[in-house]
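Numbering (the working numbering), first residue to last: 325 to 448.
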């Protein structure tokens, strides 16, 4: 791993880091986050899950651009013995280093059955 002499944090390989006085900061990138919430969750509980995910993103200096609730849908195959779930889609901006933290939080959440985080490619 590379390390800048004035920065105590090593840079992940291939990270879009920009040098600045006193260290580095990362360029925020666009991501699409889609997750499936358990079908037993009430409407108020669904709002709480969405706010919890927003909080995780904001805690890492990320920004939520758009939130779409796709509603209750049938799953293609059973997940944890569930055949339906509430789909939620978000467009977010995050540092590349913050994606791992978000993935870990989504994975540990009891309310979320599955998730997918995809980086949106820059249009040229």
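For glycine and all other residues, C-beta sits at the position ideal for the given N, C-alpha and C.
Do residue i and residue j have their CB atoms nearer than 8 Å?
i, j, result
"residue 409", "residue 361", "yes"
"residue 419", "residue 365", "no"
"residue 412", "residue 393", "yes"
In the DSSP assignment, the beta strand (DSSP E) including residue i goes from what residue to what residue?
i, result
"residue 390", "387–403"
"residue 364", "That residue, residue 364, is in no beta strand (DSSP E); it is neither H nor E in DSSP."
Along the chain, where does the alpha helix (DSSP H) that runs through residue i open and close?
i, result
"residue 431", "422–432"
"residue 451", "Nothing can be reported for residue 451, as the shown portion of the chain is limited to 325 through 448."
I need the straight-line Cα distance from residue i to residue j, nearest angstrom please.
i, j, result
"residue 327", "residue 421", "Note that residue 327 scores 46 on pLDDT, short of 50, meaning its location in the model is unreliable; the coordinates nonetheless yield the value given after this. For residue 327 and residue 421, the distance between alpha carbons rounds to 15 Å."
"residue 437", "residue 402", "10 Å"
"residue 397", "residue 425", "27 Å"
"residue 444", "residue 416", "10 Å"
Which class does residue i belong to by DSSP, given the choice of helix, strand or coil?
i, result
"residue 354", "strand"
"residue 329", "The pLDDT assigned to residue 329 is 43, lower than 50, so where the model puts this residue is not dependable, and the model offers no usable value."
"residue 445", "coil"
Leaving out five residues on either side along the sequence, give the residues of the same chain with a beta carbon under 6 Å from the beta carbon of residue i.
i, result
"residue 391", "414"
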